DNA sequence: CTAAGGTTTCAGTAATTTCTGAAAGTTTAG
DNA sequence: CTAAACTTTCAGAAATTACTGAAACCTTAG
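Residue numbers (our numbering), protein chains in the order written: chain A, 1 to 183; chain B, 1 to 183.
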């Protein structure tokens, strides 16, 4: 399975970006390869195409499955497993968001909540808790909103985009369209 | 400068989370310490509080300044420099978002644009380019949106939050009430 | 049951990232 | 100008993270 230079470029790039996106180089490469290659790929084909060890490939595939970004695809007469993307680009992007939220935000929110419950030890701690509370509320807003966007789905997101002046305009619309309701 | 156990917990946690947020452990700790400590801190105080070398501290402060998360604060009679947060929590969070966008999204968008310009090499490449285009558009939507959010400021974000699932509803209403307008 | 075809695990190694501390650099008081 | 007070740089050490490949482990055909 030789990759076209187009695919090679994309795969290499997604490898480089991988660590910034929460997984390592080979995992990024494997993902790009599977997404861009329309036919299902076997582990061996992937290892060959990327010149990485079979073991590393196995670990990468496992991780991508734990992120729910790829899924196994069983081909009838074949003994080995093949892999395909777990959904549309939109779905994949959402999964990455979701997973990163779990890793990057949730633990912090949880700790902040705990620290806010602690009995403060002196004046200063009260000020510190106020700060922590502020951080907590901000994180909460951002995650809630991003989930809202995810629920909208790609088409509505697009409508929203084309609305022009942006989110501020929605707030105006809201006042016009739902004047009586407080929410 | 001895940290209260509350501050210590928070600082340690932000250190652990640091690498997930795009900077390393000590940078995360330094940031947390500066944000939570209301008085300006000198580099030496930071190094002592965190038990890290003066050199490492210097590098960390430099990085935080390049992210525009902290700024220098000159105390009149003093020779040394002190450091304070570069703004409110909201401002800091925006800066982190912004910086991560630059590192995580922009390079990919740029590559995708380039690859879409390339002359495809055969049937398959055409399909691949279609995929790449899809990814590009998605990233574009997401970045446009996150920028909208940043422009909103925290209060409006809050209003929006309370709207919750109502956003989808407004879009529907909008279609009914403003069918003629294209934006 | 056994062997073949395939996958996973994991100890050890390689690569990368982070940290230290000594040396070089900068600024200002006198 | 010089010295003191402070900061930055950077080569090498330490810590962490990623990768290999051989051995152990499935699973199924016969």
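Backbone N, C-alpha and C fix where the C-beta goes; we use that ideal spot for every residue, glycine too. Note that the coordinates shown come from a computational prediction; the quantities given were computed from them, not determined experimentally.
| In or out: residue 122 of chain A buried (at least 16 other Cβ within 10 Å) or exposed? | As a first step, residue 122 of chain A is located in the first chain; it is residue number 122 there, counting from the start. Under this definition residue 122 of chain A is an exposed residue.
| query | What are the boundary residues of the beta strand (DSSP E) that includes residue 39 of chain B? | reply | Reading the second chain from its first residue, position 39 is the one you call residue 39 of chain B. From DSSP, residue 39 of chain B is part of no beta strand (DSSP E); its letter is neither H nor E.
| field | Three-state secondary structure assigned by DSSP to residue 14 of chain B | value | Locating residue 14 of chain B in the second chain gives position 14, where the first residue counts as 1. In the structure shown, residue 14 of chain B sits in a helix (DSSP, three-state: H, G or I).
| task | List the endpoints of the continuous beta strand (DSSP E) containing residue 105 of chain A. | result | For the purposes of this step, residue 105 of chain A is taken as residue 105 along the first chain, with counting starting at 1. Counting along the chain, residue 105 of chain A falls outside any beta strand (DSSP E), and DSSP gives it neither H nor E.
| query | Would you say residue 15 of chain B faces chain A, with C-beta separation under 8 Å as the test? | reply | As a working note, residue 15 of chain B is residue 15 in the second chain. No, residue 15 of chain B does not count as interfacial toward chain A.
| field | Classification of residue 94 of chain B by the beta-carbon crowding that lies within 10 angstroms, buried from 16 upward | value | The residue you call residue 94 of chain B lines up with position 94 of the second chain. With 16 or more Cβ atoms within 10 Å of its Cβ, residue 94 of chain B is classed as buried.
| Should residue 46 of chain B and residue 70 of chain B be called a contact, given that it needs their Cβ atoms to be closer than 8 Å? | As a working mapping, residue 46 of chain B is identified with position 46 in the second chain. As a working mapping, residue 70 of chain B is identified with position 70 in the second chain. The answer is no: Cβ separation not under 8 Å.
| message | To the nearest angstrom, how far is the alpha carbon of residue 183 of chain A from that of residue 175 of chain A? | response | Reading the first chain from its first residue, position 183 is the one you call residue 183 of chain A. Reading the first chain from its first residue, position 175 is the one you call residue 175 of chain A. Here the model assigns residue 183 of chain A a pLDDT of 41, short of 50, so the residue's position is not dependable, and the following value carries that caveat. Taking the straight line from one Cα to the other gives about 10 Å.
| query | If you follow the alpha helix (DSSP H) that residue 80 of chain A is part of, which residue opens it and which one closes it? | reply | Stepping through the first chain from its first residue, residue 80 of chain A is reached at position 80. It is not in any alpha helix (DSSP H) - residue 80 of chain A carries neither H nor E in the DSSP assignment.
| field | Distance CB(residue 54 of chain B)-CB(residue 43 of chain B) smaller than 8 Å | value | Translated into the one-based positions of the second chain, residue 54 of chain B becomes position 54. Translated into the one-based positions of the second chain, residue 43 of chain B becomes position 43. Contact flag set, yes.
| field | residue 136 of chain A versus residue 149 of chain A: straight-line alpha-carbon distance, rounded | value | If you number the first chain from 1, residue 136 of chain A lands on position 136. If you number the first chain from 1, residue 149 of chain A lands on position 149. Looking at the two C-alpha atoms, the distance is approximately 20 Å.
| By the 10 Å Cβ neighbour count, where 16 or more other Cβ atoms means buried, how is residue 72 of chain A classified, buried or exposed? | The residue you call residue 72 of chain A lines up with position 72 of the first chain. Flag for residue 72 of chain A reads exposed.
| said: Any beta carbon from chain B within less than 8 Å of residue 33 of chain A's own beta carbon? | reply: Here residue 33 of chain A refers to the residue found at position 33 of the first chain. Chain B, which has no Cβ nearer than 8 Å to the Cβ of residue 33 of chain A, makes this no.
| query | Is the beta carbon of residue 81 of chain A sitting closer than 8 Å to the one on residue 23 of chain A? | reply | In the first chain, residue 81 of chain A corresponds to position 81, counting from 1. In the first chain, residue 23 of chain A corresponds to position 23, counting from 1. Contact flag unset, no.
| message | Any C-beta of chain A within less than 7 Å: which residues of the region 61-82 of chain B qualify? | response | none
| task | For residue 94 of chain B, return the contacting residues in chain A, with the cut-off set at a CB-CB distance below 9 Å. | result | Sequence index remark: in the second chain, residue 94 of chain B carries index 94 (1-based). Residues of chain A passing the Cβ test: none, with the nearest at roughly 10 Å.
| Residue from A:158, A:117, A:20, A:40 with nearest C-alpha to residue 76 of chain A | Numbered from 1 along the first chain, position 76 holds the residue referred to as residue 76 of chain A. Comparing Cα positions, the closest option is A:40.
| query | The beta strand (DSSP E) with residue 72 of chain A in it runs from where to where? | reply | Counted from its first residue, the first chain places residue 72 of chain A at position 72. Run containing residue 72 of chain A: 70-74, per the beta strand (DSSP E) assignment.
| task | Return the Cβ separation of residue 157 of chain B and residue 145 of chain A in integer angstroms, given the expectation that the two are a contact with Cβ distance under 8 Å. | result | To locate residue 157 of chain B, count along the second chain from 1; it is residue 157. To locate residue 145 of chain A, count along the first chain from 1; it is residue 145. Right, the Cβ-Cβ distance comes to about 7 Å (below 8 Å), so this counts as a contact.
| query | Taking one C-beta from the region 3-21 of chain B and one from the region 103-121 of chain A each time, how about it: are there three or more such pairs within less than 8 Å? | reply | yes
| query | Name the DSSP bridge partner or partners of residue 154 of chain B? | reply | In the second chain, residue 154 of chain B corresponds to position 154, counting from 1. Answer is none; residue 154 of chain B lacks a bridge partner.
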